[in-house]
Amino acid sequence: MNYFRHQEYLEVYGLSRKLFAGYMLVSLGMLLAAAGGSWDITNHLLNKPETFFAPPHAVLYSGVASAVVGTVLVFSASKSAAAGKMIWPMKLVIAGVVMLISAAPVDFGWHSAFGLDGLLSPPHFVLVSGMVVGSAGALAGLSQSTKRVPSVLIIIAILPIWLAASGMIDMFSLPFSETEHFNFNPHPTLGVVVATLAFPFLISACLIGSSALAGKRFGVLSMAGAAFIVIGVLTSIIPNSALTSTIPFYISSIIPIVAADALLAFSRSRFSLYAAGAIVSLAFFMLYYPLITYTYNEVFESKVVWPSLIAQIYFEMIQDVLPLVAIPTAAMGILGALFIDRLVRKKKYSITTYSNWHNNTNT
Amino acid sequence: MLKAIILTGAVAVALVVYFSLSLYIFPQSYQSIEPRKPQAIVTDVSLSASDIALGQALTISVTGTNNGEDADMQFVSVGFPNLTTTDNIKILKHDFDQTPILIAPGELLSSEYSDTDSSVLAQYTSIESFSRPWEAGKTYSADIEVIPKTEGRFVVFIKSVALPHSWEQAHYPQDGTLDQQKEFVEIYSVQVTKP
Numbered sequence: 001m002n003y004f005r006h007q008e009y010l011e012v013y014g015l016s017r018k019l020f021a022g023y024m025l026v027s028l029g030m031l032l033a034a035a036g037g038s039w040d041i042t043n044h045l046l047n048k049p050e051t052f053f054a055p056p057h058a059v060l061y062s063g064v065a066s067a068v069v070g071t072v073l074v075f076s077a078s079k080s081a082a083a084g085k086m087i088w089p090m091k092l093v094i095a096g097v098v099m100l101i102s103a104a105p106v107d108f109g110w111h112s113a114f115g116l117d118g119l120l121s122p123p124h125f126v127l128v129s130g131m132v133v134g135s136a137g138a139l140a141g142l143s144q145s146t147k148r149v150p151s152v153l154i155i156i157a158i159l160p161i162w163l164a165a166s167g168m169i170d171m172f173s174l175p176f177s178e179t180e181h182f183n184f185n186p187h188p189t190l191g192v193v194v195a196t197l198a199f200p201f202l203i204s205a206c207l208i209g210s211s212a213l214a215g216k217r218f219g220v221l222s223m224a225g226a227a228f229i230v231i232g233v234l235t236s237i238i239p240n241s242a243l244t245s246t247i248p249f250y251i252s253s254i255i256p257i258v259a260a261d262a263l264l265a266f267s268r269s270r271f272s273l274y275a276a277g278a279i280v281s282l283a284f285f286m287l288y289y290p291l292i293t294y295t296y297n298e299v300f301e302s303k304v305v306w307p308s309l310i311a312q313i314y315f316e317m318i319q320d321v322l323p324l325v326a327i328p329t330a331a332m333g334i335l336g337a338l339f340i341d342r343l344v345r346k347k348k349y350s351i352t353t354y355s356n357w358h359n360n361t362n363t
Numbered sequence: 364m365l366k367a368i369i370l371t372g373a374v375a376v377a378l379v380v381y382f383s384l385s386l387y388i389f390p391q392s393y394q395s396i397e398p399r400k401p402q403a404i405v406t407d408v409s410l411s412a413s414d415i416a417l418g419q420a421l422t423i424s425v426t427g428t429n430n431g432e433d434a435d436m437q438f439v440s441v442g443f444p445n446l447t448t449t450d451n452i453k454i455l456k457h458d459f460d461q462t463p464i465l466i467a468p469g470e471l472l473s474s475e476y477s478d479t480d481s482s483v484l485a486q487y488t489s490i491e492s493f494s495r496p497w498e499a500g501k502t503y504s505a506d507i508e509v510i511p512k513t514e515g516r517f518v519v520f521i522k523s524v525a526l527p528h529s530w531e532q533a534h535y536p537q538d539g540t541l542d543q544q545k546e547f548v549e550i551y552s553v554q555v556t557k558p
């Protein structure tokens, strides 16, 4: 057996090692920023002391720094191309990071004018939009610049999109946006509808997308899911000591993820694609624990969710919520799978186009 | 065909196990966990004088502690049933984690140690000093200055409540007079005389 043939290898098209490194740094930076943001939300809920150099902020700033360096590399790579043309992933990365950085002074101004802000505010919206756009650009860039993206890179590139888009959905579903001057909280029912439809679509799209990028190799989807779970444990559960006993429950969500991975890897039928989408999406209520408790409590329990009571309220609701949302959730999961299927078909076309573009700019 | 059957069977078993864990086994196991039991106590109250002249300031020093498990929040409340304005109250100093808040008559307050219903409108002025969270064993104190506006007996209500209010000892005192929120208070007073 030739083991070398079975190793993952990196074949970057032409000049673009700088470009490739740029995309990688942007993805890594967005991942750090998104994880830092998630940790910061937990610390706010727990009223932990807030300083400029608090650990979650440090993680977030490191991520932004990495994304900025990556963007500079992407920009300079675009200038070195003979035709000086910028392809759309580069444009997305630059636009995303510009939005991310420009949100900082706007946020400072917002704080100066209105004091404490909630989860949804105009600068926060710009910041999270920038993270979604920038990390989507980096993923697209990575997938265009190599024949086969290595598994670790797929995970590093998918996770920031998943986390940032989750943050966006959180903004429009969690009741954390009422301040002295503004009440941007969604109506409780609307919050539940947004969470029930958007989270399953997102989970399905991100996990099935990771499998598609890996050519449906078994393990990549599972690793992406496991990485999401680890980040959730580190940023949302461990900081709240009242929740640490629920870690086994949270980790158990790896079961449907591995099942979906096996379906996609060992069966190429369209039914498997739909089933995998539905299966991973049905885990949304568990994967978004503990924060999702606040969204559904508004409609199902109407209790005051003290940080030490999150688990109690969540487990009181779960048997009522899951059967109610199962059908729309599965439907959105299937839609997410179909969306990725469409993208994969388009990607096959665009890789050919990119290779042609690259060959032209180098000759 | 056999491969498809094995795959379908394995996925089905995995899903049955997962949803059994998520819907029945874990919820039953976690719902049996007792909520934390903080124990709120006011350990020290001192008034700067027992008699003061009208227009003179009275300083109230109050210290609270949590002798139980961590509380998500605990407050020490100092109420002034003789006052309906907030302009003559000042926090001289405090070491609570958050800034104490003044409550004016007309504001909505919870009552009977409940945080979901039974809201009442405040009828007199009070000040709530709180830490969120208030960890087990921690002690906080505040010095409050107030200038009574009328002669006679000037009454001060003191209480402390830990939240979530999971058991009887989450509030202090355990019995005595009920205040506007139908919660127990300790009563202190000074005599205000003509200058």
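Those protein sequences? They're chains A and B, same order as listed. Per our numbering: the first sequence = residues 1 to 363. Per our numbering: the second sequence = residues 364 to 558. Where is the CB? At the ideal position from N, CA and C, for every residue including glycine. The model shown is predicted, which means the values in this text are computed figures rather than measured ones.
Asked, Found
"Nonlocal neighbours in the same chain, by C-beta distance under 7 Å from residue 17/A, ignoring five residues either side", "none"
"Bounding residues of the beta strand (DSSP E) (the contiguous stretch that carries residue 169/A)", "No beta strand (DSSP E) contains residue 169/A, which is instead part of the alpha helix (DSSP H) from 151-171."
"Opening and closing residue of the alpha helix (DSSP H) in which residue 194/A lies", "188-213"
"Residue 506/B - DSSP class collapsed to helix/strand/coil", "strand"
"Buried or exposed (CB count within 10 angstroms, at least 16 for buried), residue 402/B", "buried"
"DSSP bridge partner residues for residue 90/A (one or two, in chain order)", "Per DSSP, none; premise fails for residue 90/A."
"Buried versus exposed, by CB contacts within 10 Å (16 or more), residue 365/B", "exposed"
"Residue 309/A at chain B interface by Cβ criterion, 8 Å", "yes"
"Distance CB(residue 278/A)-CB(residue 208/A) smaller than 8 Å", "no"
"Under 8 Å by beta carbon: chain B residues contacting residue 286/A", "385"
"Closer than 8 Å to chain A by CB, residue 550/B", "no"
"Cutoff 8 Å: residue 378/B Cβ touching any chain A Cβ", "yes"
"8 Å Cβ cutoff, residue 204/A in contact with chain B", "no"
"Neighbour list for residue 370/B in chain A, Cβ cutoff strictly below 8 Å", "262, 263, 266, 267"
"Residue from 184/A, 172/A, 131/A, 173/A with nearest C-alpha to residue 158/A", "131/A"
"Nearest residue (CA-CA) to residue 121/A, options 220/A, 243/A, 172/A, 45/A", "172/A"
"Runs of alpha helix (DSSP H) lying entirely within the segment 246-324 of chain A, each at least 4 residues, in chain order", "247-251, 254-266, 270-281, 284-287, 292-300"
"Delimiting residues of the beta strand (DSSP E) encompassing residue 421/B", "421-429"
"Through-space distance from residue 408/B to residue 47/A, alpha-carbon basis", "27 Å"
"Partners in chain A for residue 366/B, counting only beta-carbon separations shorter than 9 Å", "266, 267"
"Spatial neighbours of residue 363/A in its chain, beta-carbon cut-off 7 Å, leaving aside the 5 residues before and after", "The predicted model places residue 363/A with a pLDDT of 41, which falls under 50 and marks its position as unreliable, so this point remains unresolved."
"Straight-line gap, residue 557/B to residue 412/B (C-alpha atoms, nearest Å)", "15 Å"
"Of the listed residues 435/B, 458/B, 510/B, nearest to residue 414/B (C-alpha basis)", "510/B"
"Close Cβ partners of residue 69/A (< 7 Å) along its chain, the five nearest in sequence each way excluded", "25"
"Contact set between residue 381/B and chain A, taken where Cβ atoms lie within less than 7 Å", "252, 255, 256"
"Range covered by the alpha helix (DSSP H) that runs through residue 231/A", "220-232"
"Backbone CA spacing between residue 201/A and residue 51/A [nearest angstrom]", "36 Å"
"Residue closest to residue 177/A, alpha-carbon to alpha-carbon, out of 105/A, 295/A, 76/A", "295/A"
"Coarse secondary structure for residue 554/B, derived from DSSP in three states", "strand"
"Proximal chain D residues relative to residue 180/A, where beta-carbon distance stays under 8 Å", "Protein chains in the displayed structure are A and B, and chain D is not among them."
"Classification of residue 63/A by the beta-carbon crowding that lies within 10 angstroms, buried from 16 upward", "buried"
"Given residue 546/B as reference, the closest of 537/B, 508/B, 552/B, 448/B once Cα atoms are compared", "537/B"
"Nearest residue (CA-CA) to residue 116/A, options 179/A, 244/A, 241/A", "179/A"
"Rounded straight-line distance, which links the Cα of residue 253/A to that of residue 244/A", "16 Å"
"The segment 302-331 of chain A: positions lying closer than 9 Å to chain B by Cβ", "302, 303, 304, 306, 307, 308, 309, 311, 312, 314, 315, 316, 318, 319, 322, 323"
"Length of the line joining the Cα atoms of residue 421/B and residue 289/A", "50 Å"
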